[in-house]
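**Student:**
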Amino acid sequence: MTGAVLGREAGLDRTAVSKVENGERRPLDTILRILDVLLPESDDRYRALQRVARDGLAKGWWTEAKYAAMGDRQARTADIEAGARAIREYQNSLLPGLLQTEAYARHRGQVALDDGADFDLSGTVAGRMRRQLQVSGPDGSEYDVVLEPQAIERLPVPPAVMREQLHHLLDLATTRENVSVRILPVDARLGRGYVPRSPFSLYAYPDPEDLTLVAVDTVTTDLLVTEAQEAQRYARLFDQLRDAALSPEASADLIQKAADLVAADA
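Sequential numbering of the sequence shown, starting at 574, is according to this note's numbering.
1. List the whole-angstrom C-beta distance separating residue 724 from residue 664, where the pair is believed to meet the contact cut-off of C-beta under 8 angstroms.
2. Identify which residue in 773, 638, 669 has its Cα closest to the Cα of residue 804.
3. Under the rule that 16 or more other beta-carbon atoms within 10 Å means buried, what is residue 697, buried or exposed?
4. Could you give the DSSP three-state label for residue 548: helix, strand or coil?
5. When you compare only the Cα positions, how much space is there between residue 714 and residue 588?
6. Need the endpoints of the alpha helix (DSSP H) that residue 805 sits in, please.
7. Provide the residue span of the beta strand (DSSP E) that contains residue 716, from first to last.
8. Note the first and the last residue of the continuous alpha helix (DSSP H) segment covering residue 734.
9. If you run the structure through DSSP and keep just helix, strand and coil, what is residue 666?
10. For residue 584, which residues of its own chain have a beta-carbon under 8 angstroms away from its beta-carbon, when the five flanking residues on both sides are left out?
11. Where DSSP assigns a beta bridge to residue 606, which residues make up the other side?
12. Using the C-alpha atoms, what's the distance from residue 686 back to residue 819?
13. Distance check for residue 575 and residue 641, CA to CA, integer angstroms please.
14. Measure the C-alpha to C-alpha separation of residue 815 and residue 751 and round it to an integer number of angstroms.
15. Assuming contact is defined by CB atoms lying nearer than 8 angstroms, are residue 635 and residue 626 in contact in what I supplied?
16. Return the CA-CA distance between residue 598 and residue 781, expressed in angstroms with no decimal places.
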């Protein structure tokens with residue numbers, strides 16, 4: 574096949590093909606168009622690699638100008654969440670961003686600003702609300718979360734905000750088939766008794782060869798764990814926490830009781 578024929582079938586001009594052949598340019602989108610011509614449709618391995626490459630080329634919603642104010646930390650989280658088949662989270666004090674109402678997120682953000690943080694509050698809240706489509710959208714990721722009781726019983730926000738938040742949490746937990754919320758009681762039997770020091774999240778992707786990523790939440794940043802053996806330790810720890818937690822049904826009852834108590838106090 575001549576360069577001219579290849580270019581014509583790939584929808585490229587001869588110059589573009591020549592530059593790739595000579596190593597002068599290696600733009601991935603051009604190379605993919607050439608490979609689409611040269612490799613057969615039946616080559617499953619190439620098609621899998623092609624899908625990964627095209628996903629890598631695609632710009633995520635978090636790069637759009639209207640979400641620029643959401644901040645680098647949250648944009649990085651959105652990037653990690655994107656395309657995840659399953660997300661598993663453990664939280665020991667607050668509710669995860671994927672479960673927060675706008676009022677809850679706004680109040681917690683204001684607390685951080687009052688404590689000396691520097692970020693755009695409206696942009697941060699807008700990004701958090703958009704991220705939630707990863708779970709609540711039509712093709713939402715499988716989402717499994719384990720919460721300590723103080724995450725639903727403590728009042729880190731005003732009572733009216735917390736009441737709304739708990740009802741939202743209850744709605745997600747009882748109406749979304751892809752969402753599972755479990756409460757880890759104080760007297761839970763934890764097997765070896767190991768308790769995480771920090772909240773953490775695990776992300777699994779559709780390709781079985783992809784790494785399972787772990788993000789460990791700290792006050793100022795998220796530490797990303799990519800080494801397979803370390804990530805596996807977090808996965809085993811999450812399984813232990815989930816197994817020791819209450820069932821989704823019993824957890825829903827506890828969330829309802831917490832909401833009723835907040836309503837009574839208000």
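We treat Cβ as the ideally placed atom computed from N, Cα and C, and that holds for glycine.
**Tutor:** Considering the structure as presented:
1. 6 angstroms
2. With distances taken between Cα atoms, residue 804 lies closest to 773.
3. buried
4. This structure cannot speak to residue 548, because the chain is shown only from 574 to 839.
5. 43 angstroms
6. 801 to 817
7. 715 to 720
8. 732 to 748
9. DSSP places residue 666 in coil when its eight states are reduced to three.
10. 606
11. For residue 606, which the question treats as bridged, DSSP gives no partner whatsoever.
12. 35 angstroms
13. Residue 641 and residue 575: Cα-Cα distance of roughly 45 angstroms.
14. 16 angstroms
15. no
16. 32 angstroms
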